[in-house]
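Worksheet: the structure to be examined is printed underneath.
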């Protein structure tokens, strides 16, 4: 069986899975707990499948419940027999109501047992644990990245020595998770339900994008780097009136926020290795022949999604004949500035060009 690719519906239709849900044994419990330890990203599908099975009101033979009911019936019958022997000379009209009450008690006890058994949350020792409010905590103690899929379809790549707490089901107004450590998020777009990542005093708010968060407890800073889309980050405070867009910063691709935990301040910088946002087929844009310098800077801006600030009037007479296909962003800037006898600085996640003209 290729359980690694199973959906919730696939699990719910699987006989061995249904046997585990309805009538767990040491053997099938060991198998499924081991499967979850190896593939914690399937937790959501398995929990949903379990609910599907229970929601269909399937008949699940539970040995513990049967045994408990049998014991109760035996005690009732013994009591009735003893009382019947002692009171044979008295009228027996009491026997029927007592028996009726006893039967009712048995039904209630059995129903309570079944309800308790089926409502007990699924636990995954050492990897995932169900919290009281239907939350799950994933802990990655392995040497490789742990892949998680959330209920909205978003993907989280949880790094080594990291943990993520998230609800089994997101509510209708927001999607909230709590991170300690490092993780890369690929968030499904949903304008009506913002995605919030709480990490050591910093809140990252997105609607649908991909980004990386690094928030280890021992580190003095928390960082958020954006790969695609727009991300808003702000310090977590108890001020309910705080406007994230005003008091925080907004990041675009190839930008990174650094949250200084001791000072509760946020600075915006470029990532260490900015990536091209254009597909490879458009790489020919970096081959220029007698091109105005302003055109070259505009091509850089569009290709990397980073604002390049320069004085058009100063550079109006400057041209470049150059091939920048193989260089990264910072190498491109170094070459351009050397040819133009200019220099650049990185300020607030932007590239500032200083030149005296040509």
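In our numbering, the protein residues as written are 854 to 1211. C-beta atoms are modelled at their ideal positions from N, C-alpha and C, and glycine is treated no differently.
| Item | Value |
| --- | --- |
| Relative to the C-alpha of residue 1031, which candidate in 867, 1053, 1189 has its C-alpha closest? | 1053 |
| For residue 1075, collect the residues of the same chain with a Cβ closer than 6 Å to its Cβ; drop the 5 residues on either side in sequence, then sort them by chain order. | 1052, 1053, 1055, 1068, 1112 |
| Let me confirm a value: residue 1206 is counted as buried when at least 16 other C-beta atoms fall within 10 Å, else exposed. Which label applies? | buried |
| Can you tell me which of 1107, 1065, 1073, 1175 puts its alpha carbon nearest to the alpha carbon of residue 1118? | 1073 |
| Sorted by chain position, which residues of the same chain lie with C-beta nearer than 6 Å to residue 977's C-beta, five sequence neighbours on each side aside? | Per-residue confidence for residue 977 stands at a pLDDT of 40, beneath the threshold of 50, marking its modelled position as unreliable; the derived number appears in the next sentence. So the list reads 889, once near-sequence residues are dropped. |
| Return helix, strand or coil for residue 886, following the three-state DSSP convention. | helix |
| When the Cβ atoms of the region 1037–1047 are set against those of the region 997–1012, are three or more pairs found closer than 8 Å? | yes |
| Going by DSSP, what residue range makes up the alpha helix (DSSP H) through residue 1184? | 1182–1193 |
| Given a cut-off of 9 Å on the beta-carbon distance, is the pair residue 1141 and residue 1151 in contact? | no |
| Just to confirm the assignment, what range does the beta strand (DSSP E) spanning residue 1027 have? | First-last for residue 1027: undefined, no H or E at that position. |
| With C-beta atoms as the reference, is residue 993 less than 9 Å away from residue 1026? | no |
| Any idea what DSSP makes of residue 1112, helix, strand or coil? | strand |
| May I ask you to list the residues that DSSP assigns as paired with residue 1016? | 992, 1033 |
| Whole angstroms is fine: what's the gap from residue 886's alpha carbon to residue 1029's? | 27 Å |
| Drop a sphere of 10 angstroms on the beta-carbon of residue 1195, count the other beta-carbons inside from all chains shown, and report buried for 16 or more, exposed for fewer. | buried |
| Out of 876, 1090, 1201, 895, state which residue places its alpha-carbon closest to the alpha-carbon of residue 855. | 895 |
| Just the C-alpha distance for residue 1104 and residue 1138, rounded to the nearest angstrom, thanks. | 25 Å |
| Between which two residues does the beta strand (DSSP E) holding residue 1081 run? | 1074–1081 |
| Which of helix, strand or coil does DSSP assign to residue 1143? | strand |
| Pull up the DSSP beta-bridge partners for residue 876, would you. | DSSP output for residue 876 lists no bridge partner at all. |
| With H, G and I counted as helix, E and B as strand and the rest as coil, what does DSSP make of residue 1210? | coil |
| Under 9 Å between the Cβ atoms of residue 1174 and residue 1211? | no |
| Could you tell me if residue 1200 is buried or exposed, where buried requires 16 or more neighbouring beta carbons within 10 angstroms of its beta carbon? | exposed |
| Relative to the C-alpha of residue 1034, which candidate in 1159, 893, 1050 has its C-alpha closest? | 1050 |
| Considering only their Cβ atoms, is the gap separating residue 869 from residue 1021 smaller than 9 Å? | no |
| Please classify residue 1163: does DSSP put it in a helix, a strand, or coil? | coil |
| Does the beta-carbon of residue 879 have 16 or more other beta-carbons within 10 angstroms, so that it is buried, or is it exposed? | exposed |
| Who are the near neighbours of residue 1182 in its chain, counting only those whose CB is closer than 6 Å to its CB and skipping five residues on each side? | 1127, 1157 |
| Put residue 1156 into one of helix, strand or coil per three-state DSSP. | helix |
| Does residue 1126 come out as helix, strand or coil in the three-state DSSP assignment? | coil |
| CB-CB under 8 Å to residue 1192, same chain, minus the five flanking residues each way: which ones, in chain order? | 1173, 1175 |
| Can you name the residues that DSSP bridges to residue 1039? | 1008, 1063 |
| Assign residue 1184 to buried or exposed, taking buried as 16 or more other Cβ atoms, counted over all protein chains shown, within 10 Å of its Cβ. | exposed |
| Kindly list the residues whose CB is nearer than 6 Å to the CB of residue 1081, restricted to its own chain and excluding five residues on each side of it in sequence; keep chain order. | 1062, 1063, 1106 |
| Mind checking whether residue 1122 and residue 1101 have CB atoms under 9 Å apart? | no |
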